[in-house]
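Undergrad: Protein chains in written order, with the numbering used here: chain A, 15 to 236; chain B, 3 to 283.
Beta carbons: idealized from backbone N, C-alpha and C, even for Gly.
Since the model is a prediction, treat every value here as computed from it, not as a measurement.
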Amino acid sequence: MYDLELKNVNVYYDKVCALKNINLQVKKSEFLGIIGPNGGGKTTLLKLILGMIKPSSGIVNINENITIGYVPQTSNFNKHFPIKVLDVILMGRLDKSLKLFHKYTKEDVEKVGKIMERLGILELRDRQVGELSGGQLQKVLIARALAVEPKMLLLDEPTANIDVQSKTEIFEILKKLNEQVTIILVTHDIGIMSSYVDTIAFLNQKLYYHGAAKTDGVVNLD
Amino acid sequence: MIKAVFQYNFLQNAFLSAILASIVCGIIGTIIMERRLVMMSGGIAHTSFGGIGMGYFLNIEPIIGGLIFAVIASLSIVLINKKTRTDSDVLIGMFWAVGMAMGILFIALTPGYPPDMTSYLFGDILTVSMAGLKLMVILDIIILFVVVSLFDYWKAFLFDEEFANVLGIKTMYLEYTMFVLIALTVVVLIKVVGIILVIALLTIPPATAKLFVYDLKKIMIISIVLGGLFCLLGLVVSYQFNIASGATIILLSAMGYFMAMAIKKVINNAGLSAKGNKTSC
């Protein structure tokens, strides 16, 4: 039983092919790194797994009991938005059904506090998002994804625009998290990644298997 | 003037409508600023002119016509933008001009002496009728309820729509609701500052508030207070000197913004020199 399985998946935007005949299997607690050039379909693949887009053909199977935590690219949103770190991370505790006069519970705040402590960002809790460095913001976004209490973590370019020391810190964090959660990470930064992940795949429309870094590879290709 | 407020109904209406206007301005204006929907709001406001003209033509309350047009315009712009990938900028421009053109056409077709449209274009807070005031109260209650009761969701949606979507929140509904709320807000403001001046009252109070605080809720609250201050002061000044109320309110707001900028600079400089002193010790 895999946590995630893609069978013969094709994705077209109008007539442009973004993903072609993708076959991918990810098992529990795997750490999968996907590399590839810009425009190679990395973000499309993540959106497909997140259910934000539907495949043009093929099957996407996700284990029903799995909650996915998503860490978007830091360039995706308005950094000048007036919101403090604690409120950003609390977002992860929101329920999908709208509740009138919703208030975060004490339990929510405690859980988020523990996550922040684990990631070493507790002292940032009252800071504005706009004041954070790239590495700090990345950790905040990881914390927000963890607040969902996911079994699988999806990260989109987590090491873009941050310094080498922060990169190492983030991969150390991910390595620890990997003991409990499955991680799929998309990046074009191959250097540091290769020493942390179990499996590497190369994506440029098609998915190519690059081999297992530590354990048996489970990425199968056509 | 205070005596006059107790004596004259129209002044009481004016005061109440100034307060009602600033409440929605503070809340929706902040959302508009953060979502960069200023031109969108301008477009919605101008499209509503067509509805006001239609109101006169069909002999119904013009502002109700404006309300219908504003809601239809805001939803259409979003829908067409999604379906056809036409830039919302282009659509806003089209709706903006078409709305105005329809308004002028309806007025021309209306039998009898043409009504004076300046109070809709530039606002006249002294002519708010009892019916108009009642409508404003209803719209204010709707806007306040929708924003306050779902505040945490609004915050998540405004900050990072994609993540909210991944959480499973139906952000599409929030988005459409937001555009309806903007349309309602525009209608509340038409009688106070007029179609042409609406965007100033939507942007100046939140922009001023954001100079000093960095929290969504606080920006909204301070915007309401500032908007109320600008509107009431504008009302008093325009009444005393017998000048147009809408224009007075906008000019006072702009003055308020520039004063706030100067004050912020002084505070920052004081803060810097205080820090400088500390390090030199």
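Assuming L186 (chain B) and L253 (chain B) make a contact with CB atoms under 8 Å, what is their CB distance in whole Å?
TA: Wrong, their Cβ atoms sit about 26 Å apart, outside the cutoff.
Undergrad: Report the option in B:I4, B:G114, B:I25 and B:E36 whose CA atom is closest to the CA atom of D162 (chain B).
TA: The shortest C-alpha separation from D162 (chain B) is found at B:E36.
Undergrad: Find the residues of chain A that neighbour E177 (chain B), judging by a C-beta separation of less than 8 Å, and give them in chain order.
TA: What E177 (chain B) touches in chain A: nothing, since even the nearest Cβ is about 13 Å away.
Undergrad: Can you give, in chain order, each stretch of the beta strand (DSSP E) that sits fully within the region 18-87 of chain A and has at least 3 residues?
TA: Entirely contained in the region 18-87 of chain A, the beta strand (DSSP E) runs reaching 3 residues are, in chain order, 18-27, 30-40, 45-49, 71-76 and 82-85.
Undergrad: Tell me whether Y222 (chain A) is buried or exposed, calling it buried when 16 or more other Cβ atoms sit within 10 Å of its Cβ.
TA: It is exposed - the Cβ of Y222 (chain A) has fewer than 16 other Cβ atoms within 10 Å.
Undergrad: Report back the beta-carbon spacing between G52 (chain B) and G105 (chain B) to the nearest angstrom; my notes put them in contact at under 8 Å.
TA: Correct: roughly 5 Å between the Cβ atoms.
Undergrad: At least one CB of chain B closer than 8 Å to the CB of M130 (chain A): is that the case?
TA: Judged by the 8 Å Cβ criterion, M130 (chain A) is not in contact with chain B.
Undergrad: Any beta carbon from chain A within less than 8 Å of L39 (chain B)'s own beta carbon?
TA: It does not: the Cβ of L39 (chain B) has no partner Cβ on chain A nearer than 8 Å.
Undergrad: Identify every residue that forms a DSSP beta bridge with F216 (chain A).
TA: DSSP output for F216 (chain A) lists A:I49 and A:Y222 as bridge partner(s).
Undergrad: Which whole runs of the beta strand (DSSP E) in the region 131-187 of chain A are 3 residues long or more, in chain order?
TA: Segments of the beta strand (DSSP E) lying fully in the region 131-187 of chain A: 166-170.
Undergrad: For K93 (chain A), which of helix, strand or coil comes out of DSSP?
TA: If DSSP states are grouped into helix, strand and coil, K93 (chain A) belongs with coil.
Undergrad: The beta strand (DSSP E) with T201 (chain A) in it runs from where to where?
TA: Residues T196 to T201.
Undergrad: I need the straight-line Cα distance from D122 (chain A) to L231 (chain B), nearest angstrom please.
TA: Using only the alpha carbons, I get a separation of about 38 Å.
Undergrad: Residues of chain B with CB closer than 9 Å to the CB of Q142 (chain A), please, in chain order.
TA: Going along chain B in sequence order, the residues near Q142 (chain A) (Cβ under 9 Å) are Y216 and D217.
Undergrad: Take every Cβ of the region 131-138 of chain B, pair it with every Cβ of the region 66-77 of chain A, and state whether three or more of those distances are shorter than 8 Å.
TA: Flag = no, the region 131-138 of chain B and the region 66-77 of chain A do not touch.
Undergrad: Give every residue of the same chain whose Cβ lies closer than 8 Å to the Cβ of L64 (chain A), excluding the five residues on either side of it in the sequence, and list them in chain order.
TA: Hits under 8 Å: I82, Y84 and L168.
Undergrad: Please compile the residues from chain B whose C-beta is within a distance smaller than 9 Å of the C-beta of M105 (chain A).
TA: Per Cβ cutoff of 9 Å: D154, K157, A158, F161, D162, F165, A166 and L169.
Undergrad: Could you spell out where the alpha helix (DSSP H) holding S240 (chain B) opens and where it closes?
TA: It spans L218 to F243 - the alpha helix (DSSP H) in which S240 (chain B) sits, taken as one unbroken run.
Undergrad: Just to confirm my understanding: we take K29 (chain A), look at its own chain, exclude 5 residues before and 5 after, and list those with CB closer than 6 Å. What are they?
TA: So the list is empty, once near-sequence residues are dropped.
Undergrad: Helix or strand or just coil, what does DSSP make of K110 (chain A)?
TA: Residue state, collapsed to three classes: coil.
Undergrad: Check whether the region 111-128 of chain B and the region 211-225 of chain B are in contact - that is, three or more C-beta pairs closer than 8 Å.
TA: They do not touch, by the three-pair rule.
Undergrad: If you drop the 5 nearest sequence neighbours on each side, which residues of the same chain put their C-beta closer than 6 Å to that of I226 (chain B)?
TA: Around I226 (chain B): S24, I25 and G28.
Undergrad: Strictly below 9 Å CB to CB, what residues from chain A border S90 (chain B)?
TA: Those within 9 Å of S90 (chain B) in chain A number zero; the least Cβ separation is about 17 Å.
Undergrad: Leaving out five residues before and five after L235 (chain A) in sequence, what residues of the same chain have Cβ atoms less than 7 Å from its Cβ?
TA: Low per-residue confidence applies at L235 (chain A): pLDDT is 45, beneath 50, and the placement is therefore not dependable, though the value from the model is reported in the following sentence. Only N37, L221, Y222 and Y223 meet the Cβ criterion.
Undergrad: Can you check whether the C-beta of I94 (chain B) is within less than 8 Å of a C-beta belonging to chain A?
TA: Chain A contact via Cβ: absent.
Undergrad: For the alpha helix (DSSP H) containing L22 (chain B), list its first residue and its last residue.
TA: L22 (chain B) -> alpha helix (DSSP H) spans N11 to R37.
Undergrad: For Y26 (chain A), which residues in chain B fall below 7 Å Cβ to Cβ?
TA: Those within 7 Å of Y26 (chain A) in chain B number zero; the least Cβ separation is about 16 Å.
Undergrad: What is the DSSP secondary structure of K98 (chain A), reduced to helix, strand or coil?
TA: Residue state, collapsed to three classes: strand.
Undergrad: Residues in its own chain within less than 7 Å of F8 (chain B) by CB, not counting five upstream and five downstream?
TA: Taken in chain order, the list of residues that qualify is empty.
Undergrad: Cβ closer than 9 Å: which chain A residues qualify as neighbours of K266 (chain B)?
TA: None at all; the shortest Cβ gap to chain A is about 15 Å.
Undergrad: Taking buried to mean at least 16 other C-beta atoms within 10 Å of its own C-beta, is Y26 (chain A) buried or exposed?
TA: Y26 (chain A) comes out exposed.
Undergrad: What residues in its chain sit with their C-beta under 6 Å from that of A264 (chain B), if we drop five residues either side in the sequence?
TA: So no residue of the chain qualifies.
Undergrad: Select from B:K266, B:A16 and B:V73 the residue whose C-alpha is nearest the C-alpha of F97 (chain B).
TA: Ranking B:K266, B:A16 and B:V73 by Cα distance to F97 (chain B) puts B:V73 first.
Undergrad: Could you run through the region 121-146 of chain B and flag, in chain order, every residue whose CB is less than 8 Å away from some CB of chain A?
TA: Cβ contacts with chain A come from no residue of the region 121-146 of chain B.
Undergrad: Compare the beta carbon distance of L191 (chain B) and F17 (chain B) with 8 Å and say whether it is the shorter of the two.
TA: Cβ atoms of L191 (chain B) and F17 (chain B): not closer than 8 Å.
Undergrad: Measuring straight from C-alpha to C-alpha, what distance separates V182 (chain B) and L77 (chain B)?
TA: Going by the C-alpha atoms only, they are around 7 Å apart.
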